[in-house]
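K.L.:
Protein chains: 2
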Amino acid sequence: MENRLTSPIPSFLAPIQEDLQLVEQQILSELVNCRPQVLRMIQQTLFSGGKRIRPAIVLLVGNTLGGPKDELIRLAAAIELLHNATLIHDDLIDQAALRHHQPTIHTLCSPQLTVLIGDYLFAYAAKIAAEIDNPGTAKIFAETLITIVDGEITQYSDSRLKPDLSLYEKRIYQKTASLFEASASIAAGLCTTDPTIREAMRSFGNHVGMAFQMMDDVLDIIGTESILGKPVGSDLKQGLLNLPTILYLKDYPDSPYTNRILEGSCLKRDNSDVLQAIRESSAIAKSFEKIDQHLIASQKQLAVLPESSGRHYLLEMVNYLSRRIH
Amino acid sequence: MENRLTSPIPSFLAPIQEDLQLVEQQILSELVNCRPQVLRMIQQTLFSGGKRIRPAIVLLVGNTLGGPKDELIRLAAAIELLHNATLIHDDLIDQAALRHHQPTIHTLCSPQLTVLIGDYLFAYAAKIAAEIDNPGTAKIFAETLITIVDGEITQYSDSRLKPDLSLYEKRIYQKTASLFEASASIAAGLCTTDPTIREAMRSFGNHVGMAFQMMDDVLDIIGTESILGKPVGSDLKQGLLNLPTILYLKDYPDSPYTNRILEGSCLKRDNSDVLQAIRESSAIAKSFEKIDQHLIASQKQLAVLPESSGRHYLLEMVNYLSRRIH
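Protein chains in written order, with my numbering: chain A, 1 to 326; chain B, 1001 to 1326.
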């Protein structure tokens, strides 16, 4: 079994290692005037060992299309900052204690300061996006932020216990795939005016993002705390129906676990028996089927690109995502 | 005694009444897909009877310089949304209960939803700013957000009890004057490439904003709850040293009230005797002197504009601000 957190650097990241370091330098140089206490907490979140999949999409799509290096690095930095800003507010709202094995910011300081640190990263992300000399960048950027926040408001306000696949797909689009889509879409927009390529890259980002979140959902059921960097079964504990859980509920309407989940009895408690039942059910294989559908769809989009090392690495990324577990 | 909350529509707003209604329509049309529950709370904040001074600056500066009407209205809407987004997070952090006589959003829903509603308005403000066809707009916009949040982090993190005028001036620049400056500056940037006019308008906005906040500080001491829409003496209650208080502390180092203020004994309590002492001191007249210096400096900047009805209305605005109390 291989997974993204214990394996060596995936092959598709190797050619952009240097660029990813420039992305980190760009982020740090933006935050140079930040108060030391605040900077320490931001660094803890931003440099906690995430694989930088979103910046990698920006760089790989952009490099493949021969885009301007400096702007791609700044765009990748803006996307990563926006991602982290939403995580900081999200973890505060969900009272999550760990992310990537590290304590979340709201566990290190007051909720008030956590709100402000999130706002601060939004502001820096918006500044970098605005400085990129392309009229579409800041607009897609802001629209994606609207999509993400709208999703968070829905997730926070509505009952989480509706086992509805289309609501689920909308939710993970808003939460995750929209920013993958924006990463690929803005990168393509910086490099080409060809609408076919732009649309293919948008769709590529979308499908990769959907597969990525679905895989996260599966890992939340079948992973281990050391792989995840946070406890297993976090979704169920928060009352969130993730993909394997929804598929389980559909296939086992008469299971006692189905009742327990739907009546909200899994909130804030250990659910190892429920997780075990889902693990041993058909729901896992069916989840992988859905993931594979998105990965295949994403691969198809790459056909618009010229045969090149860049396209090869994007395909590698897709293959890597499909190998995260199975 | 005249004040902005009980007087009829000030004369400088009369020529832009229709435009200000278009600004409100623009805001509502942006938020059309918002959930009804959230929209109701946003409307309560956004339509609680504020005089729209920041949008008025955008429209008056822009009209005077013959700018594009549609873009000025969108810019004014973006500025008002950004302003309200920061207020929503600020009121949550300070646990303020009232603004413009209305309950603040965090008193109507959970802190979690309040964070998200603030984020939502940031996102819409950024979207409108990004849609304005001018490369400088989104950049100044994002930089202003950085300035405001940086100020909030400082105000939240540092001791508030330093009676230091230059720290005070930096704080009110970050909190208030920076957005006035951005309003005038971006409006001018949409209308002219002349650097003298742009710089004069930036400076005009800055001085008007400084005077506006200083006047708010004075009103917090000498006003009444019905004028302010919130309790008198809120700053002192929150441990914030406002302009008259700092000037009082300088002039009366041996007063027992000085001690009480500096040792933090005014926090979260009724301080009517302290307020009374400041009211009867030289600090009020000295505060007005400072306000007048900024208003005179702002008037001077208007000399770069051609003699026109627009310039006349901007002068009217300055005169109106100087008449808010005395």
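Built from N, CA and C at the ideal position, the CB exists for glycine as well.
(1) For Asp1119 (chain B), would you say it is in contact with chain A, using Cβ-to-Cβ distances shorter than 8 Å as the test?
(2) Closer than 8 Å by beta-carbon distance: list the chain B residues that pair up with Lys139 (chain A), in chain order.
(3) Distance check for Val1232 (chain B) and Ile1278 (chain B), CA to CA, integer angstroms please.
(4) Compare the beta carbon distance of Leu1243 (chain B) and Val1274 (chain B) with 8 Å and say whether it is the shorter of the two.
(5) Could you check whether the Cβ of His1106 (chain B) sits closer than 8 Å to any Cβ belonging to chain A?
(6) Quick one: list the residues of chain B neighbouring Leu113 (chain A), beta-carbon separation under 8 Å, in chain order.
(7) Would you decide whether His83 (chain A) is buried or exposed? Buried here means 16 or more other CB atoms lie within 10 Å of its CB.
(8) Cα-Cα, which of A:Pro55, A:Lys170, A:Ile261 is closest to Leu241 (chain A)?
(9) Looking at the secondary structure, which residues open and close the alpha helix (DSSP H) in which Lys139 (chain A) lies?
(10) For the alpha helix (DSSP H) holding Glu199 (chain A), just list the boundary residues, first then last.
(11) Looking at the unbroken alpha helix (DSSP H) that takes in Asn33 (chain A), where does it start and where does it end?
(12) Going along the chain, which residues of its own chain have a beta-carbon closer than 8 Å to the beta-carbon of Leu1315 (chain B), five neighbours each way excluded?
(13) How would you write the range of the alpha helix (DSSP H) that Lys237 (chain A) sits in, first residue to last?
(14) Starting from the C-beta of Val1115 (chain B), find all residues in its chain whose C-beta is less than 8 Å away, skip the five residues before and the five after it, and write them out in chain order.
(15) If Leu190 (chain A) sits next to Glu80 (chain A), beta carbons under 8 Å apart, how far is it from one beta carbon to the other, in whole angstroms?
(16) Return the chain-ordered ranges of every alpha helix (DSSP H) run that is complete within the segment 1022 to 1091 of chain B and spans a minimum of 4 residues.
(17) On a Cα-Cα basis, can you pick out the residue from A:Tyr252, A:Leu267, A:Glu181 that is closest to Glu280 (chain A)?
(18) Quick check on Pro1103 (chain B): does DSSP put it in helix, strand or coil?
(19) Check whether the segment 147 to 154 of chain A touches the segment 170 to 178 of chain A, counting contact only when three or more Cβ pairs, one atom from each stretch, lie closer than 8 Å.
(20) For Thr1107 (chain B), which residues in the same chain have their Cβ closer than 7 Å to its Cβ, ignoring the five residues on either side in sequence?
(21) Is the CB of Val327 (chain A) under 8 Å away from at least one CB in chain B?
(22) Do Gly67 (chain A) and Leu161 (chain A) count as a contact pair if the criterion is CB distance below 8 Å?
(23) Using beta carbons (cut-off 8 Å, strictly below), is Ile1172 (chain B) in contact with chain A?
(24) List the endpoints of the continuous alpha helix (DSSP H) containing Tyr1124 (chain B).
(25) So which of A:Glu181, A:Ala130, A:Ile227, A:Met317 has the shortest CA-CA distance to Asn206 (chain A)?
(26) Tell me the rounded alpha-carbon separation between Tyr124 (chain A) and Ala1142 (chain B).
(27) Have a look at Thr245 (chain A) and Tyr257 (chain A) and give me their C-alpha separation to the nearest angstrom.
(28) Does the beta carbon of Phe122 (chain A) come closer than 8 Å to any beta carbon on chain B?
(29) By Cβ distance below 8 Å, which residues in the same chain neighbour Arg99 (chain A) in space, the five residues on each side in sequence not counted?
(30) Find the nearest neighbour of Leu20 (chain A) within the set A:Arg40, A:Arg311, A:Asn63, judged by alpha-carbon distance.
(31) Taking beta-carbon pairs under 7 Å, can you tell me which members of the segment 1070 to 1090 of chain B lie near chain A?
(32) Rounded C-beta distance between Tyr1248 (chain B) and Phe1012 (chain B)? I'm assuming under 8 Å.
(33) Measure the alpha-carbon distance for Ser234 (chain A) versus Gln276 (chain A) and round it to whole angstroms.
(34) Taking all protein chains shown into account, decide if His1101 (chain B) is buried (16 or more other Cβ within 10 angstroms of its Cβ) or exposed.
(35) Note down the Cα distance separating Gln1017 (chain B) from Met1317 (chain B), rounded to an integer number of angstroms.
P.N.:
Let me spell this out:
(1) yes
(2) Lys1127, Ala1130, Glu1131
(3) 13 Å
(4) no
(5) It does not; no Cβ of chain A falls within 8 Å.
(6) Ile1153, Tyr1156, Ser1157
(7) buried
(8) A:Ile261
(9) 135 to 157
(10) Element bounds for Glu199 (chain A): 195 to 222.
(11) No alpha helix (DSSP H) contains Asn33 (chain A), which DSSP labels as neither H nor E.
(12) Gln1299, Leu1302
(13) Its alpha helix (DSSP H) spans residues 234 to 237.
(14) His1089, Leu1092.
(15) Contact between Leu190 (chain A) and Glu80 (chain A) does not hold, since their C-beta atoms are separated by about 16 Å, which reaches or exceeds 8 Å.
(16) 1036 to 1046, 1053 to 1064
(17) Glu280 (chain A) has its Cα closest to that of A:Tyr252, out of A:Tyr252, A:Leu267, A:Glu181.
(18) strand
(19) yes
(20) Ala1097
(21) With chain A running from 1 to 326 in the structure shown, residue 327 (chain A) is simply not present.
(22) no
(23) no
(24) 1111 to 1131
(25) A:Glu181
(26) 7 Å
(27) Roughly 10 Å between the two C-alpha positions.
(28) True, the Cβ-Cβ gap to chain B drops below 8 Å.
(29) Thr45, Ser48, Leu87, Asp91, Gly229, Lys230
(30) A:Asn63
(31) His1089
(32) In fact, because the Cβ distance is near 32 Å, the residues do not count as touching under 8 Å.
(33) 14 Å
(34) exposed
(35) 14 Å
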